[in-house]
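Asker: Before I ask anything, let me first share the structure, which is written out below as structure tokens.
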């Protein structure tokens with residue numbers, strides 16, 4: 001019996017050691033995200049991470065426990081054979097999760113969760129962000145790491161499993177069952193009232209150290225368990241409290257002196273969603289000088305929204321925020337649930353009531369993250385994607401570069417058969433990682449890709465001005481999300497979400513700058529008001545030029561949110577249940593409560609669809 005207990009103990013400890021040793025490797029690989037780290041930081045991460053490491057080790061030891069229980073009654077050689085197969089499968093899973101997690105963190109800024117599963121329907125697009133060298137390296141690491149884990153379990157743990165029978169089968173079985181009860185303690189996360197959760201390993205003001213302490217296997221499995229029961233998440237207030245706070249944030253009475261921004265109520269509309277355009281790369285918004293000369297020039301001709309913020313960090317969530325006025329979710333993407341996304345209001349559906357026809361252009365794979373079904377259910381009658389371009393035009397990893405698609409967009413504007421008014425939406429792609437573009441003006445790959453798209457945009461606008469339809473056309477430029485530039489910007493930092501929004505075209509009454517805080521979701525109410533169309537069904541959208549509407553920016557990152565208004569900014573981590581940024585202290589409680597009420601309302605609504 002002692003040998004069987006020793007086997008289980010060795011199994012449990014080996015899994016813990018495997019997970020503990022992952023942490024310094026993760027920190028070294030992503031050292032650029034953490035800044036200068038001391039030996040003490042490495043040790044603290046390993047110590048604080050032990051709690052979740054023990055939880056996952058406990059789960060992984062359950063099968064060996066059951067097999068050990070069987071070994072009391074069944075010859076051990078059969079058990080050994082099964083255990084060998086189990087250890088190999090576990091080694092593969094642990095290695096796969098680790099190599100995917102360590103590769104994605106520099107791009108996403110959070111530990112592995114269920115998000116990658118959203119993109120597996122289009123694996124080529126899912127891998128397009130990573131350079132080929134990274135994929136080769138990660139594959140090699142996966143093979144070596146799998147072998148190493150399996151070898152350790154086979155060499156040091158498996159031989160401890162005895163193959164002989166025991167005399168007191170019943171009493172030994174009872175002892176093993178009681179041992180299983182003890183194993184429940186690390187699985188649960190301890191003996192306190194709270195159960196195992198990602199936030200329990202947070203210990204530092206440095207978010208990178210907190211992330212490093214997380215067990216990626218636990219993070220991944222925990223996020224899977226949260227994907228369906230949306231209404232049960234983020235329940236901060238009673239229903240009456242939530243409703244009271246939320247009502248102050250939206251659907252306020254309409255003002256009497258809202259400025260008219262357009263010369264017509266029925267303009268043609270071209271909405272250009274600019275991939276990964278951050279305000280930090282745009283001089284007119286306080287960003288880098290010389291990167292976007294065309295946007296800088298055009299901002300003097302149109303309406304510049306200088307305090308616009310993205311609602312999320314991913315394209316699929318940003319698109320829904322812009323086109324449906326629906327807040328992005330920090331733990332999932334409504335675009336992946338067609339039964340839910342098709343119930344959302346949309347700008348295209350609202351415009352249909354005025355006789356608009358809507359079409360969509362994207363140079364990449366339109367099936368990525370269910371985009372094709374989403375666009376058709378959102379009111380678009382025509383979708384153009386990479387499949388509609390010749391192979392020689394699809395030179396980017398993502399598909400057709402922006403010079404190709406901007407040229408296609410311009411040609412479509414010269415088509416005499418095009419009916420007016422129309423609503424054309426165009427999603428660019430060249431400024432997406434890995435930033436490989438046919439352009440070489442700036443050293444930084446990201447800035448160079450933004451400059452490339454800016455040059456394509458400037459050429460498109462200059463040519464469009466010469467067409468008759470220019471005088472009756474509104475062009476809306478807005479990012480799908482921001483980007484972590486410069487490298488010092490953290491994933492939760494408001495600078496990560498500050499984006500441009502610029503209205504251009506002959507339909508603009510006069511140039512102006514609108515400095516009110518706003519989200520991508522606010523485009524719906526702001527635009528539809530200018531067209532004399534109702535917008536109350538867009539629950540999370542406010543008219544940015546209505547002085548009576550509350551002006552704020554709300555964004556979500558992986559299991560956290562930021563709330564910005566004229567009083568300051570508050571950023572909250574939902575895992576640790578602690579604020580990460582408070583500027584200033586005055587008004588912080590109100591800002592946090594506003595953000596919590598928005599998040600709770602969003603998930604209640606998501607669960608009810």
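Residue numbers (full-length UniProt numbering): 1 to 609.
Even for Gly, the Cβ is constructed at its ideal location relative to N, Cα and C.
Whose C-beta lies closer than 6 angstroms to the C-beta of residue 317 among residues of the same chain, with five residues either side of it excluded?
Answerer: 328, 333
Asker: Where are the alpha helix (DSSP H) runs, 4 residues long or more, that stay fully inside the segment 21 to 68, in chain order?
Answerer: 31 to 34
Asker: For residue 315, report the span of its alpha helix (DSSP H) as first-last.
Answerer: 315 to 324
Asker: Among 291, 428, 224, 288, which residue has its Cα nearest to the Cα of residue 460?
Answerer: 428
Asker: Between which two residues does the alpha helix (DSSP H) harbouring residue 295 extend?
Answerer: 293 to 298
Asker: Using a 10 Å radius around the Cβ and a threshold of 16 neighbouring Cβ atoms, would you call residue 481 buried or exposed?
Answerer: buried
Asker: I'd like to check one pair, residue 424 with residue 214: are the Cβ atoms closer than 8 angstroms?
Answerer: no
Asker: Am I right that residue 446 and residue 485 are in contact with their C-beta atoms under 8 angstroms? What's the rounded C-beta distance?
Answerer: 6 angstroms
Asker: Where do the ends of the alpha helix (DSSP H) carrying residue 471 lie?
Answerer: Counting along the chain, residue 471 falls outside any alpha helix (DSSP H), and DSSP gives it neither H nor E.
Asker: Any idea if residue 290 is buried or exposed, counting beta-carbon neighbours within 10 angstroms, 16 or more meaning buried?
Answerer: The residue in question, residue 290, is exposed, as its Cβ has fewer than 16 Cβ neighbours within 10 Å.
Asker: In or out: residue 514 buried (at least 16 other Cβ within 10 Å) or exposed?
Answerer: buried
Asker: Please report the Cβ distance between residue 477 and residue 335, rounded to the nearest whole angstrom; I am assuming they are in contact, meaning their Cβ atoms lie under 8 angstroms.
Answerer: About 22 angstroms; that fails the 8 angstroms criterion.
Asker: On the CB-based measure, 16 or more other CB atoms within 10 Å of its CB, does residue 286 come out buried or exposed?
Answerer: Exposed, because fewer than 16 other Cβ atoms sit within 10 Å of the Cβ of residue 286.
Asker: Does the segment 308 to 317 come into contact with the segment 451 to 470, if we say contact requires no fewer than three beta-carbon pairs (one atom in each stretch) closer than 8 angstroms?
Answerer: Two segments are said to touch when three or more pairs of C-beta atoms, one from each, lie closer than 8 angstroms; by this definition the segment 308 to 317 does not touch the segment 451 to 470.
Asker: In whole angstroms, what is the alpha-carbon distance linking residue 49 and residue 41?
Answerer: Rounded to the nearest whole angstrom, the C-alpha separation of residue 49 and residue 41 is 12 angstroms.
Asker: In terms of residues, what are the limits of the beta strand (DSSP E) holding residue 235?
Answerer: Following the DSSP letters along the chain, one finds residue 235 in no beta strand (DSSP E), marked with neither H nor E.
Asker: Which residue wins for smallest C-alpha separation from residue 596, given the options 494, 556, 161?
Answerer: 556
Asker: Can you give me the C-alpha to C-alpha distance between residue 239 and residue 246, rounded to a whole angstrom?
Answerer: Straight across, the Cα-Cα distance linking residue 239 with residue 246 is about 10 angstroms.
Asker: Go through the segment 391 to 455 residue by residue and report every complete run of the alpha helix (DSSP H) that reaches 4 residues or more, in order.
Answerer: 402 to 413
Asker: For residue 591, which of helix, strand or coil comes out of DSSP?
Answerer: helix
Asker: Once the 5 residues before and after residue 195 are set aside, which same chain residues still bring their CB inside 6 angstroms of it?
Answerer: Answer for residue 195: 188, 189, listed in chain order.
Asker: Using 8 angstroms as the Cβ pair cut-off and three pairs as the minimum, do the segment 202 to 209 and the segment 25 to 45 touch?
Answerer: Taking a contact to require three or more Cβ pairs closer than 8 angstroms, the segment 202 to 209 and the segment 25 to 45 qualify as touching.
Asker: Check each candidate in 28, 74, 393, 7 and name the one with the smallest Cα separation from residue 156.
Answerer: Checking every option, the nearest Cα to that of residue 156 belongs to 7.
Asker: Please name the residue or residues paired with residue 519 in a DSSP beta bridge.
Answerer: 309
Asker: Considering only the beta carbon of each residue, do residue 503 and residue 303 sit closer than 8 angstroms?
Answerer: Taking 8 angstroms as the Cβ cut-off, residue 503 and residue 303 qualify as a contacting pair.
Asker: Over the uninterrupted alpha helix (DSSP H) stretch that includes residue 143, give me the two end residues.
Answerer: 132 to 152
Asker: Residue 440: buried (16+ other C-beta within 10 angstroms of its C-beta) or exposed?
Answerer: By the C-beta density criterion, residue 440 is exposed, having fewer than 16 other C-beta atoms within 10 angstroms.
Asker: So, helix, strand or coil for residue 200, using DSSP?
Answerer: helix
Asker: Using the DSSP secondary-structure output, state which residues sit across from residue 384 in a beta bridge.
Answerer: 361
Asker: Could you give the residue range of the beta strand (DSSP E) that holds residue 553?
Answerer: 553 to 557
Asker: What does a CB cutoff of less than 6 angstroms around residue 435 pick up in its chain, not counting 5 residues either side in sequence?
Answerer: 445, 446, 449
Asker: In whole angstroms, what is the alpha-carbon distance linking residue 217 and residue 564?
Answerer: 33 angstroms
Asker: Between the segment 599 to 606 and the segment 354 to 362, do three or more beta carbon pairs fall short of 8 angstroms?
Answerer: no
Asker: Would you kindly work out how many angstroms separate the C-alpha atoms of residue 219 and residue 573, rounded to a whole number?
Answerer: About 15 angstroms.
Asker: Count Cβ pairs between the segment 339 to 346 and the segment 377 to 395 that sit closer than 8 angstroms; are there 3 or more?
Answerer: Yes: at least three Cβ pairs fall under 8 angstroms.
Asker: Who does residue 512 pair with in a DSSP beta bridge?
Answerer: DSSP lists 303 as the beta-bridge partner residues of residue 512.
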